Amino acid sequence: MNEKLNAILALLIATVFWSFSVIFNRSIVNEINPFTLLFLRLIIPAIIIFPFFIKKRIWTHTHFPELLKVSILFMLNMSLFSFGIKYTSASASHLLYSLAPILIILYGVYFKTEKYKFGRLLGVILGLIGILIIINLSRIEKESTLSGGFIGNVVIFVAVICSTAYLLWTKRLLKIFTAFDTTGISIIVSAIFSIPILIYGNLILKEPVILTSTNLYAVLFIGIFGTLINFYLYQYALSKLSALTTSIISYLQPIFTAILEILLLSGALTHGFVFGGSLVFLGVFLSTTYEFIKRRKQ
Numbered sequence: 075m076n077e078k079l080n081a082i083l084a085l086l087i088a089t090v091f092w093s094f095s096v097i098f099n100r101s102i103v104n105e106i107n108p109f110t111l112l113f114l115r116l117i118i119p120a121i122i123i124f125p126f127f128i129k130k131r132i133w134t135h136t137h138f139p140e141l142l143k144v145s146i147l148f149m150l151n152m153s154l155f156s157f158g159i160k161y162t163s164a165s166a167s168h169l170l171y172s173l174a175p176i177l178i179i180l181y182g183v184y185f186k187t188e189k190y191k192f193g194r195l196l197g198v199i200l201g202l203i204g205i206l207i208i209i210n211l212s213r214i215e216k217e218s219t220l221s222g223g224f225i226g227n228v229v230i231f232v233a234v235i236c237s238t239a240y241l242l243w244t245k246r247l248l249k250i251f252t253a254f255d256t257t258g259i260s261i262i263v264s265a266i267f268s269i270p271i272l273i274y275g276n277l278i279l280k281e282p283v284i285l286t287s288t289n290l291y292a293v294l295f296i297g298i299f300g301t302l303i304n305f306y307l308y309q310y311a312l313s314k315l316s317a318l319t320t321s322i323i324s325y326l327q328p329i330f331t332a333i334l335e336i337l338l339l340s341g342a343l344t345h346g347f348v349f350g351g352s353l354v355f356l357g358v359f360l361s362t363t364y365e366f367i368k369r370r371k372q
């Protein structure tokens, strides 16, 4: 029981790191193009963890080829998102990624791998409604369209499928490998594949990369806390919790990001945001914590 609560705490910490990364990402997006940022956020943690894997000789493991295959899904998710976000709205991308818990439920029902209680399903639905309210309010405030671009939406949706498949596949591999193994190899493989993406992307964009000291600190935070530690905590939680519970926590990311914007960037707090955010928190509580507390009392 304590392990599961610790795993939920790890997910909450990961969500905070990710939300800070979003804030930093927005602050440097006009000076560092997405393909360069993708490379930097991957190569920094890859350099940090590579010596550990040399010492561990993980490539001698029988199931290492399978770990390489699942790492490609991780790379595809990050690469497709970096490309697709340029051709759609932020609201549309948030909405598409919020479909991940629904895809996991459909997978579990279709392949009969999981039985979901009413409380958990209700939590997913309430959380999704809360996300829709917040996204729609954001669209109205910015006077932008929710739909985004067709090509961008298709690319982002494929990224969501890759992300969901990665989650389900690594859940099984975490019975064989540690969370550090799955995180590390995924980052190293993605860093290698990001090199040709970096070259190709910069040839297309031809945008200058401005690396000031402030930008460098932001990139270091995104690489270390927003990528390495964030994904390690995510994988650790996945080893203790179900794929659905792990994915439903992602509903909190736009909430935490908005709170940071209010605190750090003087954003405005609206009644609609409070209502939508309350639904998200209630949905996450029903899907993750409520069952644990109920069992403890019994």
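Heads up: the sequence shown at position 236 corresponds to 310 in the numbering used here, and the numbers run straight through without jumps. For each residue, glycine too, the CB sits at the ideal point set by N, CA and C. Quantities reported herein were computed from a predicted structural model and do not represent experimental measurements.
Find the nearest neighbour of residue i within the set the options, judged by alpha-carbon distance.
i: glycine 197; options: Phe98, Gly226 and Leu318; result: Leu318
i: leucine 150; options: Ser268, Tyr308, Thr110 and Val90; result: Ser268
i: tyrosine 181; options: Ile121, Lys130, Leu202 and Trp243; result: Trp243
i: isoleucine 273; options: Asn99, Leu111 and Arg100; result: Leu111
i: serine 95; options: Glu281, Lys129 and Leu302; result: Leu302
i: valine 358; options: Ile159, Leu247 and Ser172; result: Ser172
i: glycine 300; options: Trp133, Leu141 and Leu85; result: Leu85
i: methionine 152; options: Ile266, Val183 and Lys245; result: Ile266
i: isoleucine 298; options: Ser93, Ser101, Leu83 and Ile122; result: Ile122
i: isoleucine 146; options: Lys280, Phe295, Arg131 and Ser264; result: Ser264
i: threonine 331; options: Val232, Thr89 and Lys129; result: Thr89
Less than 8 Å between the CB atoms is what I'm expecting for residue i and residue j, so what's the real figure, rounded?
i: alanine 253; j: tyrosine 306; result: 6 Å
i: leucine 177; j: leucine 360; result: No, leucine 177 and leucine 360 are not in contact; Cβ-Cβ is about 19 Å, not under 8 Å.
i: asparagine 227; j: leucine 170; result: 7 Å
Buried or exposed for residue i, please, with buried defined as at least 16 other CB atoms from any protein chain shown within 10 angstroms of its CB.
i: proline 125; result: exposed
i: valine 144; result: buried
i: phenylalanine 192; result: exposed
i: isoleucine 106; result: buried
i: leucine 285; result: exposed
i: proline 108; result: buried
i: isoleucine 261; result: buried
i: isoleucine 225; result: exposed
i: leucine 247; result: buried
i: leucine 141; result: buried
In chain order, what residues of the same chain lie with their CB nearer than 8 Å to the CB of residue i, ignoring the 5 residues before and after it?
i: alanine 174; result: Val234, Ser237, Thr238, Leu241, Ser321 and Ser324
i: serine 352; result: Gly204
Could you check whether the Cβ of residue i sits closer than 8 Å to any Cβ belonging to chain B?
i: asparagine 276; result: Structure shown: chain B not included; a single protein chain is present.
Give me, in chain order, the residues of the same chain whose beta-carbon lies closer than 7 Å to that of residue i; leave out the 5 immediate sequence neighbours on both sides.
i: valine 354; result: Gly201, Gly204, Ile205, Tyr325, Leu326 and Ile329
i: phenylalanine 157; result: Val229
i: glutamate 77; result: Lys314
i: phenylalanine 98; result: Ala292, Phe295 and Ile296
i: leucine 92; result: Before going further, note that residue 92 is tryptophan rather than leucine in the sequence given. Hits under 7 Å: Gly300, Asn304 and Gln327.
Excluding sequence positions up to five away, which residues of its chain have a Cβ less than 6 Å from the Cβ of residue i?
i: phenylalanine 148; result: Tyr240, Ser260 and Ser264
Decide yes or no for the touch test of the segment 103 to 118 against the segment 324 to 338: beta carbon pairs closer than 8 Å, at least 3 of them.
no
Answer yes if the segment 284 to 292 comes into contact with the segment 123 to 142, meaning at least three C-beta pairs across the two stretches below 8 Å, and no otherwise.
no
Using 8 Å as the threshold, is the segment 247 to 266 in touch with the segment 295 to 314, meaning 3 or more CB pairs across them?
yes
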